[in-house]
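Trainee: Handing you a structure now.
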Amino acid sequence: MADKPKIGTMWLAGCSGCHLSIADIHEAIIDVMGLADFEFSPVLMDVKYDEVPDDLDVLIIEGGIRNDENRELAEMLRKKAKFVIAYGVCAVYGGIPGLGNLHTADELAQEAYVNSASTYNEEGIIPNEDIPHLESRVRPLSDVIDVDLSIPGCPTRSDVLAEALVALLTGEAVSLPTTNLCEV
Ligand code: SF4
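Quick note: the sequence shown uses the working numbering, first residue 265, plus one each step.
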């Protein structure tokens, strides 16, 4: 019997809410799992980045590009996936993290590590080693890699994702609702 198509999911600069909506597919997961296998996901299974299969059929990405690690992962995973879905407004447009574009990366670091009310950092040290470095601005995924399908929403409606996956996996055209794509 031929192997089933492989699905992966990844989070970049998002809040993980869109991954909760993936997990919320509920009984439609039976339809999806009948057509494909989940091979890689930060919430569904423990797979190291260097263990991600090279032949993913569908990759669902939450979040945009905020730092150099986001960019590196997006570029690495794009090479491994035939079809990439930008999932949620953060991936499609930049979303909430995109509000950071109102400030410079230095201003954001100063606020996060020094000025915030919950921070005790008398010496004003801003770490710059062994952490991902902020890029100058938040970018939607499509600014950095080719995206095959964009599904906005915040978080995106699980039923919309389930229907899109079933359509994709059965060779049908994906049809998205023209009104509310948000879960709540
Ligand atoms: Fe979170 Fe909304 Fe962004 Fe999804 S689109 S990662 S729910 S902020």
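Don't be surprised by glycine CBs; every beta carbon is placed ideally from N, CA and C.
Given the structure is predicted, the values throughout are model-derived calculations rather than measurements.
Could you check the C-alpha separation between residue 364 and residue 352 for me, to the nearest Å?
Mentor: Answer to the nearest angstrom: the Cα atoms are 17 Å apart.
Trainee: Let's test the definition: count the other Cβ atoms within 10 Å of the Cβ of residue 427 and tell me whether it reaches 16, buried, or not, exposed.
Mentor: By the neighbour-count rule (16 or more Cβ atoms within 10 Å), residue 427 is buried.
Trainee: Could you tell me the alpha carbon to alpha carbon distance between residue 334 and residue 308, rounded to whole angstroms?
Mentor: Distance between the alpha carbons of residue 334 and residue 308 is about 20 Å.
Trainee: My parser needs the alpha helix (DSSP H) runs of 4 or more residues fully inside the stretch 363-401; what are they?
Mentor: List check, alpha helix (DSSP H) in window: 369-374.
Trainee: Closer than 8 Å: is that where the CB of residue 355 sits relative to any heavy atom of the ligand SF4?
Mentor: Yes, Cβ of residue 355 sits closer than 8 Å to a heavy atom of the ligand SF4.
Trainee: How many angstroms separate the CA atom of residue 424 from the CA atom of residue 440?
Mentor: C-alpha separation (whole angstroms): 7 Å.
Trainee: Starting from residue 301, follow its DSSP beta bridges and name the residues at the other end.
Mentor: Beta-bridge pairing links residue 301 to 270.
Trainee: Would you identify the three-state DSSP class for residue 348, choosing helix, strand or coil?
Mentor: Three-state DSSP puts residue 348 in a strand.
Trainee: From 287, 286, 273, 347, pick the residue whose C-alpha is nearest to that of residue 433; which is it?
Mentor: Residue 433 has its Cα closest to that of 347, out of 287, 286, 273, 347.
Trainee: I think residue 355 touches residue 321, with their Cβ atoms under 8 Å apart; what is that distance to the nearest whole Å?
Mentor: In fact, because the Cβ distance is near 19 Å, the residues do not count as touching under 8 Å.
Trainee: Between the beta-carbon of residue 445 and the beta-carbon of residue 404, is there less than 9 Å?
Mentor: Taking 9 Å as the Cβ cut-off, residue 445 and residue 404 do not qualify as a contacting pair.
Trainee: Specify the secondary structure class of residue 291 as computed by DSSP and reduced to three states.
Mentor: Coil, per DSSP.
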